[in-house]
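Before any comments, here is the structure.
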Amino acid sequence: MNGLQIKNVTKNYKEGNSSITALNNASMEVKPGEFVAIVGPSGSGKSTLLSVVGALLKPTSGTVSINDKEITKLSSKALSKFRLQEIGFILQSSNLIPYLNVTDQLILVKKMTGKVTKEDQEKAKKLLTELGLGGKLKKYPNELSGGERQRVAIARSLMNDSNVILADEPTASLDSKRAHEVVKLIADEVKKRNKAAIMVTHDERMLTYCDKVYKMEDGILTLQK
Amino acid sequence: MFLALKELKHAKLRYTLMSIIIVLIAWLVFILSGLGNGLSTLSAAAVKNLDADYVVYEDGAKATFSKSLISNSLVDDIKKNKDVKDATPFGAAMAAISHGKKDEEKTDIAVLGIKPGEFIEPKVVEGKQLDPDIKNGVLANDTLKDKGYKIGDEVQVDSSTIKLKIVGFVEGETYNHLPVLFSNVDQWRDYAFAAPGSNNGIKDVVNAIVLQAPDLDPAQLDKSINGIETVTKSAAINGMPGYMEENGTILMMLAFLIVISAFVIAVFFYVITIQKTQQFGVMKAIGASNGFITKAIVSQVFVLSVVGILIGVALTYLTALVFPENMPFNLDAKLVVLYGIALLVISLLSSLISVRQIAKIDPLTALGRVE
Ligand SMILES: Nc1ncnc2c1ncn2[C@@H]1O[C@H](COP(=O)(O)OP(=O)(O)OP(=O)(O)O)[C@@H](O)[C@H]1O
Ligand SMILES: [Mg+2]
Chain A
88 MNGLQIKNVT KNYKEGNSSI TALNNASMEV KPGEFVAIVG PSGSGKSTLL SVVGALLKPT
148 SGTVSINDKE ITKLSSKALS KFRLQEIGFI LQSSNLIPYL NVTDQLILVK KMTGKVTKED
208 QEKAKKLLTE LGLGGKLKKY PNELSGGERQ RVAIARSLMN DSNVILADEP TASLDSKRAH
268 EVVKLIADEV KKRNKAAIMV THDERMLTYC DKVYKMEDGI LTLQK
Chain B
356 MFLALKELKH AKLRYTLMSI IIVLIAWLVF ILSGLGNGLS TLSAAAVKNL DADYVVYEDG
416 AKATFSKSLI SNSLVDDIKK NKDVKDATPF GAAMAAISHG KKDEEKTDIA VLGIKPGEFI
476 EPKVVEGKQL DPDIKNGVLA NDTLKDKGYK IGDEVQVDSS TIKLKIVGFV EGETYNHLPV
536 LFSNVDQWRD YAFAAPGSNN GIKDVVNAIV LQAPDLDPAQ LDKSINGIET VTKSAAINGM
596 PGYMEENGTI LMMLAFLIVI SAFVIAVFFY VITIQKTQQF GVMKAIGASN GFITKAIVSQ
656 VFVLSVVGIL IGVALTYLTA LVFPENMPFN LDAKLVVLYG IALLVISLLS SLISVRQIAK
716 IDPLTALGRV E
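These protein sequences, in sequence, are chains A and B. Take any residue in the first sequence, count from 1 to its spot, add 87: that is its number in the numbering used here. Take any residue in the second sequence, count from 1 to its spot, add 355: that is its number in the numbering used here.
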């Protein structure tokens with residue numbers, strides 16, 4: 088089965104003697120071309136879920152499969168390779184590398200896999216142009232607006248042709264006009280490129296762009312729409 | 356290299372400061388090594404230049420020429436050993452010379468007694484080699500030219516009646532920091548043992564016998580002949596008075612400097628790495644392996660160190676031009692390369708502390724979690 092399956096995932100954080108259950112038996116499925124949102128109060132476990140799906144964190148129990156591959160079984164070395172190939176992260180605006188220009192932010196992803204080809208250069212340019220950054224290819228992050236930076240992050244998450252896109256509060260640092268632009272862009276790319284995408288957000292107005300909405304409360308995930 | 360170079364370009368000031376530190380350390384290391392090399396050349400060049408493998412001393416002399424008196428007749432006994440290709444006498448004495456004019460400043464020199472035509476006689480750069488028929492003929496180190504000595508000069512040896520005749524000049528021959536006069540060993544003996552009884556009653560006395568014998572077993576030679584002690588040439592050099600102490604001091608300074616530089620470089624890169632924790636977390640989140648980030652850091656250290664060390668070398672050669680002529684500064688290209696590589700290795704090793712830090716960075720930091 089293509090896409091993303093999360094089955095009965097539980098995550099406990101141990102702190103001294105007590106333990107916090109950040110995720111409690113969460114299950115969900117995201118098909119290719121589907122854009123899913125997760126909403127919920129602060130501290131409810133949204134980022135934890137994203138970290139587990141993004142192979143950054145091992146769940147206490149349960150399984151996560153991406154394209155029929157169970158990532159919960161991979162070694163930590165295999166995980167970083169898996170992230171590189173299968174997952175596109177869209178993080179907050181501060182998560183660009185300060186000393187790389189816009190094009191190089193994308194090239195870096197390719198550098199991690201090995202040689203950078205002419206096609207990669209072309210691809211980076213094309214992606215950035217599509218996202219309206221054609222005039223800013225050589226700019227550094229500190230010369231960009233928050234929205235522009237987020238668009239670079241989106242382009243970067245698309246650079247490795249991953250099947251899964253994960254976005255943790257991509258609009259947190261944006262005004263509402265920019266936020267709409269950015270989320271619409273993600274939604275468009277998800278449809279066009281047939282990716283399975285999850286976005287964590289606080290902003291109820293962004294939900295119109297999503298196919299499904301899950302609510303997270305005290306580690307329990309429920310389908311809302 | 357990709358990340359390393361991009362970042363160097365972006366944070367020019369920070370990394371310029373960093374490489375200035377490496378430049379200064381390298382500069383100091385090279386200057387010290389030049390001084391050390393110059394000093395050790397001054398103190399033992401004539402012995403270093405001997406085309407020999409072993410030196411035979413009187414038993415108990417502890418490889419010091421001035422403590423050793425043996426008879427020249429041993430040369431024949433030693434030559435009987437099948438591993439000895441050649442053997443020749445050697446003697447050393449300190450003296451002062453002048454042109455014999457009134458109120459003239461005397462020049463301190465070392466008189467080394469050798470047998471004319473034997474394998475340890477250095478080649479002249481000017482004039483003639485020693486001649487067994489000219490007993491008082493000497494080969495002088497060419498630095499004596501600056502003091503006004505010429506070929507054909509008959510020089511007066513201080514507090515004796517002996518006059519020596521300069522027949523040729525040789526290059527780079529110093530002994531105990533003094534320029535050398537190579538003399539006929541018989542003439543040397545007349546000077547060094549002028550006082551009756553100072554030869555301890557040994558016939559044809561010399562200080563040592565120098566051997567060409569690459570495959571010699573020195574212990575076996577010592578056993579076969581009474582009252583001798585055979586050591587390698589490098590032990591003979593180390594036995595020169597003050598040689599070990601001088602070299603030891605310089606080596607100690609160099610060692611300290613290299614340890615200090617290791618710490619300075621390690622701390623700087625550690626701090627820089629800590630500052631970049633967030634960035635490295637992001638890179639890890641999007642799939643960078645530890646190896647990828649390690650390569651970025653190590654290649655950065657490599658570039659900075661190589662540039663710093665090369666500038667240090669250039670500065671050292673420039674300062675060498677400015678140093679006064681008589682300063683014992685002698686840059687040995689081999690040593691420069693050696694210390695250059697040592698510094699490079701040290702700074703690469705010290706960057707490993709930062710590399711360890713990278714392995715600990717959790718990609719989760721990229722998610723901007725407030726802890
Ligand atoms: N590394 C950790 N160690 C211990 N407890 C943790 C850790 N990370 C998260 N938690 C706890 O797990 C719970 C879920 O955290 P999580 O970051 O997933 O919440 P969230 O829904 O993303 O919140 P927010 O909307 O504020 O980002 C919280 O109670 C948090 O304190
Ligand atoms: Mg969160």
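In this text, a Cβ means the ideal position worked out from N, Cα and C, and glycines have one as well.
So does residue i have its beta carbon nearer than 7 Å to some heavy atom of ligand 1?
i	result
GLY130 (chain A)	yes
TYR100 (chain A)	yes
ASP153 (chain A)	For the sequence presented, residue 153 (chain A) should be read as Ile rather than Asp. No, since every heavy atom of ligand 1 falls outside the 7 Å radius drawn around the Cβ of ILE153 (chain A).
GLY127 (chain A)	yes
VAL359 (chain B)	Going by the sequence as given, residue 359 (chain B) is Ala instead of Val. ALA359 (chain B): no, Cβ never under 7 Å from ligand 1.
MET303 (chain A)	yes
ILE107 (chain A)	yes
Between residue i and ligand 2, is there a pair consisting of the residue's CB and a ligand heavy atom that are separated by less than 7 Å?
i	result
LYS133 (chain A)	yes
PRO290 (chain A)	Just to set this straight, residue 290 (chain A) is Asp in the shown sequence, not Pro. False, no ligand heavy atom lies under 7 Å from that Cβ.
ASP255 (chain A)	yes
Report yes or no: is there a C-beta of chain B within less than 8 Å of the C-beta of residue i?
i	result
VAL300 (chain A)	no
ASP191 (chain A)	yes
VAL196 (chain A)	yes
ILE184 (chain A)	yes
PHE176 (chain A)	yes
LEU51 (chain A)	As shown, chain A starts at 88 and ends at 312. That puts residue 51 (chain A) outside it, with no answer to give.
ARG170 (chain A)	yes
LYS138 (chain A)	Checking the sequence, you will find Ser at residue 138 (chain A) rather than Lys. At least one chain B Cβ lies under 8 Å of SER138 (chain A).
SER167 (chain A)	yes
MET303 (chain A)	no
What is the DSSP secondary structure of residue i, counted as helix, strand or coil?
i	result
PRO444 (chain B)	strand
THR396 (chain B)	helix
LEU220 (chain A)	coil
THR97 (chain A)	strand
ARG724 (chain B)	At ARG724 (chain B), the pLDDT of 49 sits below 50, so the modelled position is not reliable and the matter cannot be decided from this model.
LYS145 (chain A)	coil
MET584 (chain B)	For the sequence presented, residue 584 (chain B) should be read as Glu rather than Met. The answer is strand: DSSP assigns GLU584 (chain B) an E or B state.
VAL510 (chain B)	strand
THR150 (chain A)	strand
GLU528 (chain B)	coil
GLY468 (chain B)	strand
LYS457 (chain B)	coil
LEU519 (chain B)	strand
SER106 (chain A)	strand
GLY552 (chain B)	coil
SER138 (chain A)	helix
MET356 (chain B)	coil
LYS567 (chain B)	The residue asked about is misnamed: residue 567 (chain B) is Gln in this sequence, not Lys. Here GLN567 (chain B) sits in strand by DSSP.
GLU481 (chain B)	strand
ALA124 (chain A)	strand
GLU413 (chain B)	strand
ASN436 (chain B)	coil
SER114 (chain A)	strand
Less than 8 Å between CB atoms is the rule here; does residue i satisfy it with respect to chain A?
i	result
LEU719 (chain B)	yes
LYS361 (chain B)	yes
PHE657 (chain B)	no
GLN712 (chain B)	no
MET634 (chain B)	Looking at the sequence provided, one finds Gln at residue 634 (chain B) rather than Met. So yes, GLN634 (chain B) belongs to the interface.
ILE641 (chain B)	yes
PHE611 (chain B)	no
PHE357 (chain B)	yes
HIS365 (chain B)	yes
Would you grab the beta carbon distance between residue i and residue j for me? Rounded to a whole angstrom, and I think it's under 8 Å.
i	j	result
LYS299 (chain A)	LEU308 (chain A)	About 11 Å; that fails the 8 Å criterion.
ILE574 (chain B)	ALA448 (chain B)	The sequence shown places Ala at residue 574 (chain B), rather than the Ile named in the question. That belief does not hold up - the Cβ atoms of ALA574 (chain B) and ALA448 (chain B) are roughly 30 Å apart, past 8 Å.
LEU467 (chain B)	ALA401 (chain B)	6 Å
GLY132 (chain A)	ALA109 (chain A)	4 Å
GLN511 (chain B)	SER453 (chain B)	5 Å
PRO683 (chain B)	LEU397 (chain B)	5 Å
LEU703 (chain B)	VAL622 (chain B)	Incorrect: roughly 15 Å between the Cβ atoms, too far for contact.
GLY306 (chain A)	ASN111 (chain A)	4 Å
Indicate whether the contact test is met: 3 or more Cβ pairs, each with one atom in the segment 182-193 of chain A and one in the segment 132-146 of chain A, closer than 8 Å.
Verdict: no, contact absent.
Is it true that the segment 363-382 of chain B meets the segment 660-667 of chain B, where meeting means three or more beta-carbon pairs spaced less than 8 Å apart?
As far as the Cβ criterion goes, the segment 363-382 of chain B touches the segment 660-667 of chain B, which means the pair count is three or higher.
Does the segment 611-627 of chain B touch the segment 396-413 of chain B, meaning 3 or more C-beta pairs lie closer than 8 Å?
Cβ pair count under 8 Å is below three, so no.
Hey, is the segment 710-720 of chain B in contact with the segment 535-555 of chain B, meaning 3+ C-beta pairs nearer than 8 Å?
no
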